[in-house]
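These notes concern the structure reproduced below.
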């Protein structure tokens, strides 16, 4: 057991190194911002009783159109005028092109390797090229027009059934979200998704509830694992990732079997296209099955 003087000496050495590290760490060159509290940073400046953008407007009036906030351990830059937004989105767009790393994206969206979440660079440019040339070409958009026509007719029929009823409520948001998802699913998977339709739509709705949210674990990344376990979000993310993984594996396997047997339906869906690109290996960065699943998930 350490004697008291030795214990104090150990603490002094530890805090000396910690202080030295803090002094040597360069301070970020940030625009002005409100004062901060230890640990939580500027969180106390965001009112819980008002909309977030109202709090930002109040801060912008005091600190200008470009200011910073430290929420937990993460710095945020807030642009609240058209000129500053233009500087970020147009003049310096490549610098700000990458999206921040979020726990839900890393866990559910295959560690951010889909085009919607991967950092700007050679891989992102390659995936964008595949999407624009192969998945979203004018020929493909025109071909999948019949799907949009069929699903639009279903919208009209669904609304018609509800309009004549005094008890049946018509939720337009739910209807349009369902039809949008089905449109994309049919284009992505073709006929092979019908057997997994309800499972995938359920998993997709859970994903949409988890992905867009900025969570406490994202603001305190050093404590992210503990926070996500305590609030239950980690279990939800793992479960939905596992369900999506199983469904996509089944659909991709069915496509591979059909391609090998030469029993394709003629026109390629998104999975067929990505498998063809993977097999040809013409791009600098080779595609794996995980990349295909990530692209499909982001597309939906």
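In the numbering used here, the protein residues as written are 4 to 303.
The C-beta atom is built at its ideal place from N, Cα and C for all residues, glycine as well.
Shown here, residue 95 sits in coil according to DSSP, grouped into three states, outside any helix or strand. Counting along the chain, residue 66 sits inside the alpha helix (DSSP H) bounded by residues 55-66. Judged by beta-carbon spacing, residue 272 lies beyond the 8 Å limit of residue 106, meaning their Cβ atoms are not closer than that value.
Judged by DSSP in its simplified three-state form, residue 81 adopts strand. In the structure shown, the three-state DSSP call for residue 40 is strand.
Exposed is the label assigned to residue 249, since fewer than 16 other Cβ atoms lie within 10 Å of its Cβ. In the pairwise beta carbon analysis, the segment 58-78 is classified as touching the segment 31-38: at least three pairs are separated by under 8 Å.
When C-alpha distances from residue 177 are compared across 151, 147, 37, 211, the shortest belongs to 211. Restricting attention to 125, 46, 39, the CA atom closest to the CA of residue 289 is found in 125.
The straight-line gap separating the alpha-carbon atoms of residue 183 and residue 226 is approximately 37 Å. The beta-carbon separation of residue 74 and residue 46, rounded to 5 Å, stays under the 8 Å limit for a contact. The segment 137-209 is shown to contain whole alpha helix (DSSP H) runs of 4 or more residues at 141-146, 148-166, 175-192, in chain order. The Cβ atoms of residue 213 and residue 240 lie closer than 8 Å to each other. The residue from 67, 253, 291 with its alpha-carbon nearest to that of residue 197 is 253.
The three-state reading of DSSP puts residue 223 in coil, since its state is none of H, G, I, E or B.
Between the alpha carbons of residue 246 and residue 185 lies a distance of about 18 Å. Under the three-state reduction of DSSP, residue 228 is assigned to helix. Of the residues 154, 56, 192, 172, the one whose Cα lies closest to the Cα of residue 179 is 154. The beta carbon of residue 109 sits closer than 7 Å to those of 115, all from its chain and outside the five residues before and after it, given in chain order. In the DSSP assignment, residue 273 falls within the unbroken alpha helix (DSSP H) covering 273-283. DSSP, reduced to helix, strand and coil, places residue 30 outside both helices and strands of the structure shown, so it counts as coil.
Secondary structure note for residue 106: it is in no beta strand (DSSP E), and the uninterrupted alpha helix (DSSP H) holding it is 106-111. In this structure, residue 94 sits away from residue 69, with a CB-CB distance that is not shorter than 8 Å. Judged by DSSP secondary structure, residue 258 falls within the alpha helix (DSSP H) whose first and last residues are 236-264. Partner residues in the beta bridge of residue 71, as assigned by DSSP, are 80.
The beta carbon of residue 295 is closer than 6 Å to those of 277 in its chain, skipping five residues each way along the sequence. Per DSSP, the unbroken alpha helix (DSSP H) holding residue 126 starts and ends at 125-133.
Judged by beta-carbon spacing, residue 291 lies beyond the 8 Å limit of residue 112, meaning their Cβ atoms are not closer than that value. In the displayed model, residue 213 falls within a helix according to three-state DSSP. For the pair residue 218 and residue 66, the Cα-to-Cα distance works out to about 26 Å.
Taking the CA atoms as reference points, residue 202 sits about 14 Å from residue 300. Just measuring C-alpha positions, the residue of 231, 234, 181, 138 sitting nearest residue 279 is 138.
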